[in-house]
Amino acid sequence: MPKLNVNGKTLEYQADEGTPLLWVLREQLGLTGTKYGCGIAQCGACTVHVDGVPMRACVMPAAAIKPTQKITTIEGLSPDASHPIQRAWQALDVPQCGFCQSGMIMAAAALVKAKPNPTDKDIDEAMTNICRCGTYNRVRTAIHAAAREMAAQKKGAKPKKVAALGKEVLDITHVETKSGGAA
Ligand code: FES
Ligand code: FES
Numbered sequence: 001m002p003k004l005n006v007n008g009k010t011l012e013y014q015a016d017e018g019t020p021l022l023w024v025l026r027e028q029l030g031l032t033g034t035k036y037g038c039g040i041a042q043c044g045a046c047t048v049h050v051d052g053v054p055m056r057a058c059v060m061p062a063a064a065i066k067p068t069q070k071i072t073t074i075e076g077l078s079p080d081a082s083h084p085i086q087r088a089w090q091a092l093d094v095p096q097c098g099f100c101q102s103g104m105i106m107a108a109a110a111l112v113k114a115k116p117n118p119t120d121k122d123i124d125e126a127m128t129n130i131c132r133c134g135t136y137n138r139v140r141t142a143i144h145a146a147a148r149e150m151a152a153q154k155k156g157a158k159p160k161k162v163a164a165l166g167k168e169v170l171d172i173t174h175v176e177t178k179s180g181g182a183a
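Note that this note's numbering has the sequence shown beginning at 1, numbered continuously upward.
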């Protein structure tokens with residue numbers, strides 16, 4: 001059986017030749033965080049990383065990916081949703097319906113890895129994902145907030161609490177939950 005390395009695990013799958021990676025992830029491996037939007041590489045809802053590079057899984061045949069290549073989905077971006085992009089998303093209440101947001105987060109995470117201090121132009125060029133709820137302004141603000149957090153942490157600062165991060169950027173008040181996230 002063919003194999004894929006997904007979120008650090010080698011997994012077997014069975015699919016017809018040409019089956020897009022998206023359907024292997026969702027229907028065989030149970031990783032339903034990656035969404036189907038358009039199926040023609042336009043919306044970005046299906047964005048995953050392959051060896052750290054954002055790819056649109058709806059048009060990428062699973063068989064084209066070698067077992068040695070590392071696929072990361074939203075479920076594997078961080079063990080506890082603590083990636084700076086995920087924390088900034090939470091702090092700024094970016095998602096509305098949420099459908100496009102896994103893809104948005106994966107694209108944004110790849111952007112700040114490649115360009116730790118992205119300009120608005122960098123963000124506009126990298127973030128070609130479509131959001132029918134119109135979260136674009138908050139997506140941009142959250143990417144800047146995450147980039148600032150990452151730069152501060154590189155200099156030794158402790159990660160800010162999600163509530164503090166939201167308040168600092170947009171004056172959003174969060175109720176802290178027991179797990180330390182925001183309600
Ligand atoms: S579902 Fe893949 S880009 Fe829209
Ligand atoms: S949050 Fe609804 S489509 Fe983007």
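Glycine is no exception: its CB is placed at the ideal position from the N, C-alpha and C atoms.
Note that the coordinates shown come from a computational prediction; the quantities given were computed from them, not determined experimentally.
Chain B contact for A109 (CB, 7 angstroms cutoff): Judged by its chain identifiers, the structure shown contains no chain B, having just a single protein chain.
Ends of the alpha helix (DSSP H) at I123? Start at 1 with the first residue of the sequence shown, and residue 123 comes out as number 123. I123 -> alpha helix (DSSP H) spans 120-126.
Is any non-hydrogen atom of ligand 2 found closer than 6 angstroms to the C-beta of Q96, if you look at the structure I gave you? Mapped onto the sequence shown, residue 96 falls at position 96. Checking every heavy atom of ligand 2 against the Cβ of Q96, one is found closer than 6 angstroms.
Can you tell me where the alpha helix (DSSP H) with I143 in it begins and where it stops? For the purposes of this step, residue 143 is taken as the residue at position 143 of the sequence shown. Element bounds for I143: 136-154.
Suppose contacts are defined by Cβ-Cβ distances below 7 angstroms. Is C131 in contact with A45 by that definition? Position 131 of the sequence shown holds residue 131. Position 45 of the sequence shown holds residue 45. For C131 and A45, no; Cβs fall outside 7 angstroms.
Beta carbon of T72 nearer than 7 angstroms to that of A57: Here residue 72 refers to the residue found at position 72 of the sequence shown. Here residue 57 refers to the residue found at position 57 of the sequence shown. No.
DSSP three-state call for K35: helix, strand or coil? Start at 1 with the first residue of the sequence shown, and residue 35 comes out as number 35. If DSSP states are grouped into helix, strand and coil, K35 belongs with coil.
Am I right that A114 and I85 are in contact with their C-beta atoms under 8 angstroms? What's the rounded C-beta distance? If you number the sequence shown from 1, residue 114 lands on position 114. If you number the sequence shown from 1, residue 85 lands on position 85. Not quite, the Cβ-Cβ distance comes to about 13 angstroms (not below 8 angstroms), so this is no contact.
Is any heavy atom of ligand 2 found at a distance shorter than 6 angstroms from the C-beta of C131? Along the sequence shown, one-based indexing puts residue 131 at 131. For ligand 2, at least one heavy atom lies less than 6 angstroms from the Cβ of C131.
Quick one: grab the DSSP three-state call for P20. Within the sequence shown, the letter at position 20 stands for residue 20. Strand.
Reduced DSSP category for P54 - H, G, I as helix; E, B as strand; rest coil: Position 54 of the sequence shown, counted from the start, is the residue given in the question as residue 54. Correct three-state label for P54: strand.
Who are T10's beta bridge partners in DSSP? Translated into the one-based positions of the sequence shown, residue 10 becomes position 10. According to DSSP, T10 bridges with N5.
What number of angstroms, rounded off, separates the C-alpha of I185 from the C-alpha of K9? The question about residue 185 has no answer, for the chain in this structure spans 1 to 183.
Which residues end up in the neighbourhood of ligand 1 when you take C-beta atoms closer than 6 angstroms to any of its heavy atoms? Y36, G37, C38, G39, A41, Q42, C43, G44, A45, C46, R56, C58
With distances taken from CA atoms, which of I143, P2, L22, V6 is nearest V59? Start at 1 with the first residue of the sequence shown, and residue 59 comes out as number 59. That would be L22, whose Cα lies nearest to the Cα of V59.
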